[in-house]
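J.:
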Amino acid sequence: MKQNRLRLTVTTEGRGIYCISQKVCKWVSQQSIQSGLLTLFIPHTSASLLIQENADPDVLEDLNRFFNHLVIDGDPLFQHQSEGPDDMPAHIRSALTQTHLSIPVQENKPSLGIWQGIYLFEHRIHPHKRNIILHLLGE
Amino acid sequence: MKQNRLRLTVTTEGRGIYCISQKVCKWVSQQSIQSGLLTLFIPHTSASLLIQENADPDVLEDLNRFFNHLVIDGDPLFQHQSEGPDDMPAHIRSALTQTHLSIPVQENKPSLGIWQGIYLFEHRIHPHKRNIILHLLGE
Amino acid sequence: MKQNRLRLTVTTEGRGIYCISQKVCKWVSQQSIQSGLLTLFIPHTSASLLIQENADPDVLEDLNRFFNHLVIDGDPLFQHQSEGPDDMPAHIRSALTQTHLSIPVQENKPSLGIWQGIYLFEHRIHPHKRNIILHLLGE
Numbered sequence: 083m084k085q086n087r088l089r090l091t092v093t094t095e096g097r098g099i100y101c102i103s104q105k106v107c108k109w110v111s112q113q114s115i116q117s118g119l120l121t122l123f124i125p126h127t128s129a130s131l132l133i134q135e136n137a138d139p140d141v142l143e144d145l146n147r148f149f150n151h152l153v154i155d156g157d158p159l160f161q162h163q164s165e166g167p168d169d170m171p172a173h174i175r176s177a178l179t180q181t182h183l184s185i186p187v188q189e190n191k192p193s194l195g196i197w198q199g200i201y202l203f204e205h206r207i208h209p210h211k212r213n214i215i216l217h218l219l220g221e
Numbered sequence: 083m084k085q086n087r088l089r090l091t092v093t094t095e096g097r098g099i100y101c102i103s104q105k106v107c108k109w110v111s112q113q114s115i116q117s118g119l120l121t122l123f124i125p126h127t128s129a130s131l132l133i134q135e136n137a138d139p140d141v142l143e144d145l146n147r148f149f150n151h152l153v154i155d156g157d158p159l160f161q162h163q164s165e166g167p168d169d170m171p172a173h174i175r176s177a178l179t180q181t182h183l184s185i186p187v188q189e190n191k192p193s194l195g196i197w198q199g200i201y202l203f204e205h206r207i208h209p210h211k212r213n214i215i216l217h218l219l220g221e
Numbered sequence: 083m084k085q086n087r088l089r090l091t092v093t094t095e096g097r098g099i100y101c102i103s104q105k106v107c108k109w110v111s112q113q114s115i116q117s118g119l120l121t122l123f124i125p126h127t128s129a130s131l132l133i134q135e136n137a138d139p140d141v142l143e144d145l146n147r148f149f150n151h152l153v154i155d156g157d158p159l160f161q162h163q164s165e166g167p168d169d170m171p172a173h174i175r176s177a178l179t180q181t182h183l184s185i186p187v188q189e190n191k192p193s194l195g196i197w198q199g200i201y202l203f204e205h206r207i208h209p210h211k212r213n214i215i216l217h218l219l220g221e
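Residue numbers (the numbering used here), protein chains in the order written: chain A, 83 to 221; chain B, 83 to 221; chain C, 83 to 221.
Shown next, in the form of structure tokens:
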């Protein structure tokens, strides 16, 4: 039983959902750990992680649009406005999605369903550079 | 330290919340790993996982009813309508709940609270056959 | 590869968000496991876990206020009213946030971002005593 770790950097172009499946699966395929548990962790509070449908790009747009309606930018409900109208909503959208994902690994591949992709959800309007920590534990 | 893995299949009768605690706990009790970490992963994008109250069945109905109101079937907000009015809501409901659960294990039992059960949340209106991957790592 | 486990008890003063970062990081720093995977699990269905911004206390208040508006105490939509108007909302708020968190550990520290804290989210109006299970697996 052993473990490996990687810090992945993703550059976003502002609010939206970015596929990271290929980068993640490539790293897993290169490890000497064939089966085990993969954990993804995002050390940010205004971007999050998501497993979602990978077939129709409309799904990702609809998901983002749903969150835009659920958590309103600049809502007077929020006291925390100093970092911009999209900052407090970004924290709430992060709380409603995932800061980490755990995926079993077999034969050097995350056991994703055929319609599943791994995504970074950028919640801020402006582009950001985001880190994701990958941790693989197994044998 | 070792690991075991199982693919569990659950047949749903359409949208609703299905208890899988007994199946999961039975499998864990049969493993030679007595303490460690249990991960459940669902390789689908229109069904999800949930830990929820196991005492009053009204809780599960209320939870489903809340989601029916939060994410409206056939909402014109959604571009992705081709797979039916309940498909895009199913993806959003999955994003708002869990694709995976991690539960510490001790004495061959998941360390659930006495009021906690493990559930599959089927988000599609029609019945489906769903897989869940169980992964246990420990000693 | 080895594992350690702790049951942490937190006393809440009613609905709100309580920082547990220091207690968690202190325990991790004292373990002989320097790198690995930390799992936090809450064995309750009306309190949950959260990673959130640790800088401006307004963020935590706004988050709580958002949930107060999203899930209405005593909403006639809910059949489950017998345990008080805040009980069913507490279950839903738990479902929308996290029952468990997984965080990679390096150099005896959880790999949190500099703006991230670990929080217990108490969803009931009255004070409660809550348990959190910490599980650390690594080497």
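Just so you know, even glycine gets a beta-carbon here, dropped at the ideal spot from N, CA and C.
(1) Thinking C-beta only, is T127/C closer than 8 Å to Q188/B?
(2) Measuring CB to CB, does T121/A end up less than 8 Å from L142/C?
(3) When the distance is taken between beta carbons, is V106/C closer than 8 Å to P192/C?
(4) What's the gap between the Cα of Q116/C and the Cα of N190/C?
(5) What is the DSSP secondary structure of S130/C, counted as helix, strand or coil?
(6) Please determine, among H217/C, F203/C, L219/C, L218/C, the residue with the shortest C-alpha to C-alpha distance to V92/C.
(7) Using DSSP bridges, identify the partner residues of S184/B.
(8) I'd like the ranges of any beta strand (DSSP E) spanning at least 3 consecutive residues and lying wholly in the segment 148-205 of chain B.
(9) Check the Cβ of P125/A against every Cβ in chain C and list those closer than 7 Å, keeping chain order.
(10) Mind checking which residues open and close the beta strand (DSSP E) that includes Q112/C?
(11) What three-state label does DSSP hand E95/B in the structure shown?
(12) Using the Cα positions of N213/C and E165/C, report the straight-line distance between them to the nearest angstrom.
(13) Quick one: what does DSSP say N136/A is sitting in, helix, strand or coil?
(14) Let's test the definition: count the other Cβ atoms within 10 Å of the Cβ of Q104/C and tell me whether it reaches 16, buried, or not, exposed.
(15) What is the rounded straight-line gap between the Cα of F123/B and the Cα of T179/C?
(16) When you compare the CB of P186/C with every CB in chain A, is at least one pair closer than 8 Å?
(17) For the putative contact between L131/B and L183/B, defined by C-beta atoms under 8 Å, what is the C-beta separation to the nearest angstrom?
(18) Going straight from the alpha carbon of A172/A to that of A129/A, what length do you get?
(19) H151/A touches chain C at which residues, Cβ-Cβ below 8 Å?
(20) Can you tell me the Cα-Cα spacing of D155/B and M170/B, whole angstroms?
(21) Cβ of G220/A within 8 Å of Cβ of P125/B?
(22) Starting from the beta carbon of L178/B, find every residue of chain A whose beta carbon is closer than 7 Å, and list them in chain order.
(23) Give a yes or no on whether the minimum CB-CB distance between T93/A and chain C is below 8 Å.
(24) Would you mind working out which of C101/A, R97/A, L88/A, H151/A sits nearest H210/A, comparing C-alpha positions?
(25) Have a look at the DSSP bridge pairing and note the partners of N213/C.
(26) Q112/B: buried (16+ other C-beta within 10 angstroms of its C-beta) or exposed?
(27) Does any residue of chain C have a CB that is nearer than 8 Å to the CB of Q85/A?
(28) Would you report the Cα separation of H208/B and D168/B, rounded to the nearest angstrom?
(29) T181/C: which of L90/B, I200/B, R175/B sits nearest, CA to CA?
(30) Using a Cβ-Cβ cut-off of 8 Å, state whether D168/C counts as contacting chain A.
(31) Return the residue from the list A137/B, R175/B, H162/B, Q85/B that minimises the CA-CA distance to F148/B.
(32) Below 7 Å CB to CB, which residues in the same chain sit around F160/B once its five sequence neighbours on both sides are set aside?
(33) Report the option in H162/B, Q163/B, N150/B whose CA atom is closest to the CA atom of H205/B.
(34) Under 7 Å Cβ to Cβ from Q198/B, same chain only, skipping five residues before and after it: list those, please.
T.: So, from the data block:
(1) no
(2) no
(3) yes
(4) 4 Å
(5) strand
(6) F203/C
(7) T121/B
(8) 182-188, 198-204
(9) S193, L194, G195, Q198
(10) Element bounds for Q112/C: n/a, residue is neither H nor E.
(11) coil
(12) 20 Å
(13) coil
(14) exposed
(15) 17 Å
(16) yes
(17) 5 Å
(18) 7 Å
(19) Near H151/A there are no residues of chain C at all, since even the closest Cβ is about 12 Å away, more than 8 Å.
(20) 8 Å
(21) no
(22) L178
(23) no
(24) R97/A
(25) T91/C
(26) exposed
(27) yes
(28) 9 Å
(29) I200/B
(30) no
(31) R175/B
(32) M170
(33) N150/B
(34) I133, N136
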